[in-house]
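Here is the structure we will look at, set down as structure tokens.
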Amino acid sequence: MTRQLRAWRRLRQFAVPRWMIGRATERRLAGDWRGACDAAGVDVALDPARIRREHGAEVAAAVEDDLRHLAPDLLRWHLLRPVPDPPVVRAGVPLAVHGRQALQVRPRHPGTPSRRLELVFAGLDDAGPLGALHGLEHARERWDSRHAGALLERCGGYDGHLPGFTATGERLPEPAWTAAERVLAAQDTGDWAAAWSLAGFDVEPLRALVEQRSWIRSSLRDARVDLTRVRAAVAARGDRIRVRLGSTTGTWLTVDPDLRVSHGGGDRPSPDLPVVLVERPVDFDLVRHRLLPLEDLHPLVGDALFPGLAGLFDGPPDAVPDMSPVRVRCQGVWHVLGDGHHTAEELRRELALHALGGAPLRGCFAAHAGWRGPQGWTPKALRLRRRDVVEHAVNGDGPALAAWLDAGLDPHLRDRSGRTLLHLLAWLPQPEPVVARLRHAGLDPQARDGGGRSPLWHAVTAGGTPQAVQALLSLGADPADLP
Numbered sequence: 119m120t121r122q123l124r125a126w127r128r129l130r131q132f133a134v135p136r137w138m139i140g141r142a143t144e145r146r147l148a149g150d151w152r153g154a155c156d157a158a159g160v161d162v163a164l165d166p167a168r169i170r171r172e173h174g175a176e177v178a179a180a181v182e183d184d185l186r187h188l189a190p191d192l193l194r195w196h197l198l199r200p201v202p203d204p205p206v207v208r209a210g211v212p213l214a215v216h217g218r219q220a221l222q223v224r225p226r227h228p229g230t231p232s233r234r235l236e237l238v239f240a241g242l243d244d245a246g247p248l249g250a251l252h253g254l255e256h257a258r259e260r261w262d263s264r265h266a267g268a269l270l271e272r273c274g275g276y277d278g279h280l281p282g283f284t285a286t287g288e289r290l291p292e293p294a295w296t297a298a299e300r301v302l303a304a305q306d307t308g309d310w311a312a313a314w315s316l317a318g319f320d321v322e323p324l325r326a327l328v329e330q331r332s333w334i335r336s337s338l339r340d341a342r343v344d345l346t347r348v349r350a351a352v353a354a355r356g357d358r359i360r361v362r363l364g365s366t367t368g369t370w371l372t373v374d375p376d377l378r379v380s381h382g383g384g385d386r387p388s389p390d391l392p393v394v395l396v397e398r399p400v401d402f403d404l405v406r407h408r409l410l411p412l413e414d415l416h417p418l419v420g421d422a423l424f425p426g427l428a429g430l431f432d433g434p435p436d437a438v439p440d441m442s443p444v445r446v447r448c449q450g451v452w453h454v455l456g457d458g459h460h461t462a463e464e465l466r467r468e469l470a471l472h473a474l475g476g477a478p479l480r481g482c483f484a485a486h487a488g489w490r491g492p493q494g495w496t497p498k499a500l501r502l503r504r505r506d507v508v509e510h511a512v513n514g515d516g517p518a519l520a521a522w523l524d525a526g527l528d529p530h531l532r533d534r535s536g537r538t539l540l541h542l543l544a545w546l547p548q549p550e551p552v553v554a555r556l557r558h559a560g561l562d563p564q565a566r567d568g569g570g571r572s573p574l575w576h577a578v579t580a581g582g583t584p585q586a587v588q589a590l591l592s593l594g595a596d597p598a599d600l601p
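Those letters in the sequence shown? Residues 119 to 601, per the working numbering, in order.
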């Protein structure tokens with residue numbers, strides 16, 4: 119589970135930057151829901167006037183009320199998932215259902231790396247099975263600012279605090295634990311049978327099968343199941359329910375009214391409970407496992423989970439570029455990259471000799487070539503630096519890219535696909551500050567990536583923003599180069 123949570127920790131670091139939260143919140147509080155959506159990377163593809171004409175005044179009023187209280191940055195925070203998990207928003211995810219129609223969010227450019235979202239009002243059939251699995255119509259705390267405080271209850275909170283914590287974030291001592299904390303402790307150790315049994319379930323029908331099928335055991339061990347909520351759902355329904363363990367496994371369970379748990383139930387495309395009502399909110403687990411500092415929580419999430427600290431949360435900190443010196447072994451001694459150990463002429467000579475079939479590049483020369491080309495050796499520190507820069511770009515974080523460049527980042531990097539920074543600015547909603555820096559650095563607007571695509575071609579085909587396309591054209595990109 120820790121590996122999975124570390125991927126979530128990285129997503130929290132990059133996907134919803136502090137400036138995005140601040141701008142979206144400012145516009146929302148000013149009554150500008152469209153501006154809030156734009157700030158949070160959510161395009162609006164619905165027309166309230168058309169909804170009124172086609173579905174009546176009552177439905178239109180309800181949708182407009184939803185839009186006024188939509189916190190798109192909070193929605194983005196809860197909706198995006200880390201790689202290698204499949205993206206939640208393959209089709210439409212219902213937020214609020216109005217008859218056979220629903221306010222939905224979906225990917226703006228499906229099938230591309232773009233993480234920009236789109237808000238629509240469409241039929242429930244458009245959402246499909248994934249919409250039923252991940253629907254948020256019963257989880258308004260994930261997107262509706264009026265209900266954000268309900269996240270505490272979703273995490274199993276009681277007496278105004280989270281299990282295992284006080285309202286101000288201190289850890290509860292073990293003698294003060296209730297059954298909720300003991301169930302979590304069993305889950306944390308991977309003892310799925312003890313956890314389910316402590317929560318009141320009969321898992322005997324599962325034991326023999328689990329011994330024979332290790333993949334089921336792994337799913338049960340790693341699933342972040344809110345057992346209290348599953349039990350409450352069974353009691354409320356008075357009938358058996360089918361539960362899918364997460365969105366990345368094929369493990370389905372059937373829970374009978376007497377709380378007997380058996381394997382199966384995946385014969386229909388959608389479960390009786392969406393994932394959002396089965397899984398514990400991941401922020402609770404990140405905090406419990408000390409993978410996310412409290413102060414890095416989204417403000418609405420932090421205020422909900424730790425009411426004693428309400429008003430003290432700002433979201434993930436702004437990017438602080440790590441430009442620590444990088445040392446490599448070169449010609450038998452240690453060199454710090456960029457410290458002038460080699461002249462420009464020496465570097466050009468080594469690269470030319472290598473291009474003509476000479477000896478493999480080593481040391482400083484190999485590091486230089488690896489940074490500026492998709493192939494070849496690159497020191498780990500530079501690989502991690504490049505990975506962070508690419509992650510900022512994919513999430514449309516222009517301020518972070520500008521901060522890296524201002525800190526001295528070599529702008530001539532290429533990622534593993536051979537893309538330059540001009541390729542990577544495709545997803546920036548406000549690319550001008552980065553473009554100005556790259557223009558000064560002399561980057562070629564016609565440079566090709568590993569697939570032969572120019573930055574303009576890449577922006578048009580990979581879900582780039584209109585602003586990025588315009589910025590590349592102003593930089594001299596050739597429109598005739600488009601596919």
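All residues carry an ideal CB built from backbone N, CA and C; glycine is no exception.
Status (buried if at least 16 other CB within 10 Å, exposed otherwise) for residue i
i, result
"Met441", "exposed"
"Asp567", "buried"
"Leu363", "buried"
"Val438", "exposed"
"Asp633", "Because the chain is modelled from 119 through 601, residue 633 falls outside the range shown and cannot be assessed."
"Ser572", "buried"
"Leu197", "buried"
"Pro584", "exposed"
"Pro434", "buried"
"Pro61", "No answer is possible for residue 61: the residues shown for the chain start at 119 and end at 601."
"Arg289", "exposed"
"Arg224", "buried"
"Pro597", "exposed"
"Asp376", "exposed"
"Pro387", "Confidence in Pro387 is poor, its pLDDT being 49 and thus under 50, which makes the residue's placement unreliable; the coordinate value appears in the next sentence. It is exposed - the Cβ of Pro387 has fewer than 16 other Cβ atoms within 10 Å."
Neighbourhood of residue i by C-beta distance below 8 Å, restricted to the same chain and skipping five residues each side
i, result
"Gly494", "Leu479, Ala484, Ala487, Gly488"
"Pro166", "Ala178, Val181, Glu182, Leu185"
"His256", "Pro392, Val394, Leu395"
"His265", "Arg258, Glu259"
"Asp436", "Pro135, Arg136, Trp137, Pro517, Ala518, Ala521"
Own chain residues within Cβ distance below 7 Å of residue i, not counting five before or after
i, result
"Arg532", "Arg490, Gly491, Pro492, Thr538"
"Cys482", "Val446, Cys448, His453, Leu455, His459, His460"
"Ala317", "Val301, Leu345, Thr346, Arg349"
"Gly274", "Pro281, Ala298, Asp344, Thr346"
For residue i, the three-state DSSP class (helix, strand or coil)
i, result
"Ser315", "helix"
"Glu509", "helix"
"His227", "coil"
"Pro387", "With a pLDDT of 49 at Pro387, under the threshold of 50, the predicted position of this residue should be treated as unreliable, though the coordinate-derived value follows. Three-state result, Pro387: coil."
"His90", "Nothing in the structure corresponds to residue 90, since the chain is present only between 119 and 601."
"Pro399", "coil"
"Cys273", "coil"
"Pro573", "helix"
"Pro597", "helix"
"Ala294", "helix"
"Trp261", "coil"
"Gln122", "helix"
"Pro129", "Position check: residue 129 holds Leu in this sequence, whereas Pro was assumed. Three-state DSSP puts Leu129 in a helix."
"Asp161", "strand"
"Ser380", "strand"
"His196", "helix"
"Val134", "coil"
"Arg289", "strand"
"Ala602", "Because the chain in this structure spans residues 119 to 601, residue 602 falls outside the shown range and cannot be described."
"Val206", "Reliability fails at Val206, whose pLDDT of 49 lies under 50, so the model's placement of it is uncertain and the value that follows must be treated cautiously. Coil at Val206, not helix or strand."
Bounding residues of the beta strand (DSSP E) (the contiguous stretch that carries residue i)
i, result
"Trp151", "Per DSSP, Trp151 belongs to no beta strand (DSSP E); it is in the alpha helix (DSSP H), 151–157."
"Phe239", "235–241"
"Gln493", "No beta strand (DSSP E) contains Gln493, which DSSP labels as neither H nor E."
"Trp370", "370–373"
"His216", "211–216"
"Arg362", "359–362"
"Trp452", "451–454"
"Ser232", "Careful: Ser232 lies outside any beta strand (DSSP E) and carries neither H nor E."
"Arg445", "445–448"
Residues near residue i in its chain [Cβ-Cβ closer than 6 Å; skip 5 each side]
i, result
"Val162", "Arg152, Cys155, Leu237"
"Ala220", "Pro212, Leu242"
"Ala313", "Val301, Ala304, Gln305"
"Ala125", "Pro200"
Segment limits, alpha helix (DSSP H) that includes residue i
i, result
"Ala586", "584–592"
"Val352", "345–355"
"His187", "175–187"
"Val613", "In the structure displayed, the chain extends from 119 to 601; residue 613 sits before or after that span and is not available."
Heavy atom of the ligand ATP within 7 Å of residue i beta-carbon
i, result
"Pro212", "Judged by which ligands are present, the structure shown has none, so any question about the ligand ATP falls away."
message = I'd like the ranges of any alpha helix (DSSP H) spanning at least 4 consecutive residues and lying wholly in the region 401–439.
response = Fully enclosed alpha helix (DSSP H) runs of 4 or longer: 417–423.
request  = Go through the region 517–580 residue by residue and report every complete run of the beta strand (DSSP E) that reaches 3 residues or more, in order.
outcome  = DSSP runs (the beta strand (DSSP E)) wholly in the region 517–580: none.
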